[in-house]
Amino acid sequence: AETEAARQRARAAVDPVELRVRPGDTFLAAGARIGEAETRRLAAYQRVLVARGLARPPKQRWVLGLGSFLYNCLVLGLVGLLLWFRARREFAGLRSLALLSLLIVAVAAGAAAVTRFGLPVEAVPVPFAVLVVAVLAGARLALPLALILAVLLVGQAPFVGMAVPFSAAIGGAAAVVGVRTARQRTQVWRPITAITLGYGATALTLALLGASDWTDALRGTGWGAINAIVSTFLAIGFLPVFERWVGVTTQQTLLELSDTNRSLLRRLQHEANGTFHHAINVANLAEAACQAIGANALLARVGALYHDIGKLTKPQYFIENQPVGRNPHDKLKPATSAEIILSHVSEGLKLADRAGLPEAVRRFIAEHHGTTRIAYFFDQVPDADPADFSYPGPKPRTRETGVLMMADSVESAAHVLSDPTPVRLRELVERIVAGKLAAGQLDDCPLTLQDIRVIKAELSRVLAGMYHHRIDYPSALADTAARPPTASLPAQRG
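Given below as structure tokens:
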């Protein structure tokens, strides 16, 4: 006993010797005998791993597993709160939460692979998840998600130190910036460049602060560039699938649909030229009005371009496509004429389905007339059933489709207005919008009275710009006066 106590006192009197092991050094040779020195070395290595969070004593592993599970649940809870408070209405459902959960799992799997192969944190695919969310839901959700993913990585055992959340957050934020500057899918170089520069700036900052050396900085930048390229192309590849799954139409998709060289719009231009020009004018009106009230102006423009595609089936029955003096409705019964006019909504929906137009655009086709009645033909039939002369609806249910209903009606009415001065156009807009409100056609859309006031002012302004150059000739005035002023509005235009 005295001998062992003497050994302990002698061991305590000796200062500890630190053994520095560099990457590539032999820690313990294969087949070597395990003596007291080797045992102490292994024990010291275990203590370092435990101190750095890279290992746990066997009796604590279940505690580590429970802690990791709770940590990840709390992070997922943060994502749920983020959806609840910051996501747009169309991106706040269970499918959206499922998608975000899938993206978080993908980032976690990528982090595990990075750890397995000894790669730097810049290789973790945080930008992939952030790019997808930025495109589908916008920056107001994507940027907080980048910060949450940075927090998520800190909770994983291999990732320790300030470099991990800093690098992940900057890489994710750079992805958001890159997406906001890219308006089309062909501009993939913009997010790639932004992400690479973000990781490069992070690596430079950490090197200057002494948190890493210059070799690590160059390595991190290189892997950041690889991550940017892979994440961007993966996001582009998966976005069409995610769009359909969540039911969100992205700005990039809308930009592509707004190209007038697309097949449906080219058909409209060649087969129903009057309807095509009407759609262009309505698109300009709706876009300006939505821009003024902070609604989705691009969605309104695209919806306006396609809202009358159903007229392609029988274009000659709509006044904007008829030569002067030739109206096929003169030879039809009022009920038959009404049926043809009403059918352009259902026919438009069929064409939209065949063309694969997204639901957000199909909504404009279905809702742009609401449940209004074709008064001109209805008044010609005594004891007629109003349902046979009314559009099936539904009424507009979004701000954008509500704006389209007003823009469509005022653009149609302006064509039969004699002497379209700014004052008369403003009076026309006031009268038509008041009629829509009185008929309850705007009851289901979330437009405020302030929105409607701004919309009326914007429609009047744009219409005045369209018609400022027009001159009324006697023949044109006579032709206009010969038309029933309410006949063509609901029945044959719009």
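FYI, the numbering for the sequence shown is 26 to 519, going by this note's numbering.
We treat Cβ as the ideally placed atom computed from N, Cα and C, and that holds for glycine.
Counted within 10 angstroms of its Cβ, other Cβ atoms place residue i as buried (16 or more) or exposed
i       : result
Arg-351 : exposed
Arg-326 : buried
Ser-288 : exposed
Thr-423 : buried
Val-454 : buried
Trp-109 : exposed
Phe-343 : buried
Asp-333 : buried
Arg-15  : Here the chain comprises residues numbered 26 to 519, so residue 15 is not present and cannot be evaluated.
Ala-171 : buried
Gln-277 : buried
Glu-61  : exposed
Glu-312 : buried
Lys-481 : buried
Leu-74  : exposed
Pro-353 : exposed
Ile-59  : exposed
Ala-57  : exposed
Ser-485 : buried
Ser-500 : The pLDDT assigned to Ser-500 is 45, lower than 50, so where the model puts this residue is not dependable, and the model offers no usable value.
Sequence-distant residues of its chain with Cβ nearer than 7 Å to residue i (five each side left out)
i       : result
Leu-168 : Ala-198, Val-201
Tyr-498 : Residue confidence for Tyr-498 is low, a pLDDT of 47 falling below 50, so the modelled location carries little weight and cannot support an answer.
Ile-477 : Val-458
Ala-409 : Phe-403
CB contact flag (residue i, residue j, <7 Å)
i       : j       : result
Met-570 : His-369 : Within the shown structure, residues of the chain are numbered from 26 to 519, placing residue 570 beyond reach of any answer.
Ala-175 : Ala-154 : no
Leu-488 : Leu-462 : no
Asp-295 : Glu-345 : A small correction: the amino acid at residue 295 is His; Asp does not occupy that position in the sequence shown. The answer is no: Cβ separation not under 7 Å.
Thr-230 : Ala-250 : no
Gly-335 : Gly-299 : no
Ser-362 : Phe-402 : yes
Glu-147 : Trp-239 : no
Cys-470 : Pro-417 : no
Ala-432 : Ile-457 : no
Thr-246 : Val-160 : no
Ala-377 : Arg-387 : yes
Ile-173 : Leu-128 : no
Leu-324 : Leu-279 : yes
Tyr-492 : Pro-419 : no
Pro-359 : Val-406 : yes
Pairwise C-alpha distance: residue j and residue i
i       : j       : result
Phe-94  : Ala-162 : 28 Å
Ile-496 : Ser-443 : Any reading at Ile-496 must be qualified, since the residue scores a pLDDT of 48, below 50, and its modelled position is unreliable; the value itself is stated next. Computed Cα separation, rounded: 10 Å.
Ala-188 : Gly-196 : 12 Å
Glu-436 : Ala-308 : 10 Å
Ala-329 : Phe-389 : 7 Å
Ala-138 : Pro-150 : 10 Å
Arg-120 : Arg-141 : 31 Å
Gln-341 : Gly-319 : 37 Å
Val-349 : Phe-301 : 18 Å
Ala-219 : Gly-395 : 45 Å
Glu-281 : Leu-290 : 12 Å
Pro-411 : Gly-460 : 18 Å
Leu-91  : Asn-97  : 10 Å
Ala-385 : Ile-365 : 25 Å
Tyr-224 : Val-213 : 17 Å
Thr-285 : Leu-293 : 10 Å
Ala-55  : Thr-64  : 15 Å
Ser-283 : Ser-237 : 49 Å
Tyr-331 : Gln-466 : 21 Å
Ile-356 : Gln-347 : Before going further, note that residue 356 is Lys rather than Ile in the sequence given. Taking the straight line joining both Cα atoms gives about 14 Å.
Val-130 : Leu-122 : 12 Å
Val-273 : Val-179 : 32 Å
Leu-474 : Ile-399 : 27 Å
Arg-215 : Ala-228 : 20 Å
Asp-413 : Gly-118 : 37 Å
Assumed close pair residue i, residue j - CB separation to whole angstroms, cut-off 8 Å
i       : j       : result
Ser-415 : Thr-397 : 7 Å
Ala-314 : Glu-483 : 5 Å
Ala-242 : Ala-232 : 4 Å
Leu-124 : Phe-267 : 6 Å
Arg-205 : Ala-260 : In fact, because the Cβ distance is near 14 Å, the residues do not count as touching under 8 Å.
Phe-263 : Val-100 : In fact, because the Cβ distance is near 22 Å, the residues do not count as touching under 8 Å.
Pro-152 : Ser-256 : 4 Å
Leu-166 : Leu-107 : 6 Å
Arg-244 : Pro-145 : 6 Å
6 Å Cβ shell around residue i - same chain, five flanking residues per side excluded
i       : result
Ala-317 : Val-479, Glu-483
Ala-322 : Glu-312, Cys-315, Gln-316
Pro-447 : Ala-489
Ile-217 : Ala-253, Ile-254, Thr-257
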